[in-house]
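**Student:**
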Amino acid sequence: MAATAHALHILVKHKEIAEDIIKQLGKGAKFQTLAKKYSTCPSGKKGGDLGEFKRGQMVPQFDKVAFKGAILEPHLVKTKFGRHVIKVLYRT
Numbered sequence: 234m235a236a237t238a239h240a241l242h243i244l245v246k247h248k249e250i251a252e253d254i255i256k257q258l259g260k261g262a263k264f265q266t267l268a269k270k271y272s273t274c275p276s277g278k279k280g281g282d283l284g285e286f287k288r289g290q291m292v293p294q295f296d297k298v299a300f301k302g303a304i305l306e307p308h309l310v311k312t313k314f315g316r317h318v319i320k321v322l323y324r325t
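Position in the sequence shown counted from 1, then plus 233, gives you this note's numbering.
Rendered as structure tokens:
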């Protein structure tokens with residue numbers, strides 16, 4: 234079982250915006266470019282890069298995708314902070 238994960242994310246307030254971001258990614262848009270444009274999280278300035286983090290560091294809904302979701306696929310997750318589009322780069 235992986236102890237750490239490295240992920241990118243884009244945090245937005247509304248589901249419709251998150252779904253539009255996923256559509257744009259499907260059409261070939263770059264995750265980092267969309268993060269800089271849309272994300273309300275400070276990590277948006279870094280292209281949404283959260284770096285490597287340990288299991289349990291993120292809120293449970295985020296953690297579940299980070300450690301069990303498909304790698305390199307965009308995932309839509311709702312947390313108390315808003316809607317996240319998450320892309321897991323790798324797990325170790």
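Beta carbons are placed, not taken as given, at the ideal position from N, Cα and C, and that holds for glycine. Computed from a predicted model, the values in this text were never measured in an experiment.
Per DSSP, residue 285 is paired with what?
**Tutor:** Taking the sequence shown and counting its residues from 1, one reaches residue 285 at position 52. DSSP lists 239 as partners of residue 285.
**Student:** On the criterion of 16 or more Cβ atoms from any shown chain inside 10 Å, does residue 247 qualify as buried, or is it exposed?
**Tutor:** On the sequence shown, residue 247 is found 14 positions in, with the first residue counted as 1. Exposed is the call here.
**Student:** In the structure shown, what three-state DSSP assignment does residue 244 receive?
**Tutor:** In the sequence shown, counting from the first residue as 1, residue 244 sits at position 11. Strand at residue 244.
**Student:** Suppose contacts are defined by Cβ-Cβ distances below 8 Å. Is residue 241 in contact with residue 320 by that definition?
**Tutor:** Counting from 1 along the sequence shown, the entry for residue 241 is found at position 8. Counting from 1 along the sequence shown, the entry for residue 320 is found at position 87. Contact: yes.
**Student:** Apply the 10 Å Cβ neighbour rule to residue 305 and answer buried if 16 or more other Cβ atoms are within range, or exposed otherwise.
**Tutor:** Taking the sequence shown and counting its residues from 1, the one referred to as residue 305 is at position 72. Looking at its Cβ environment, which holds fewer than 16 other Cβ atoms inside 10 Å, residue 305 is exposed.
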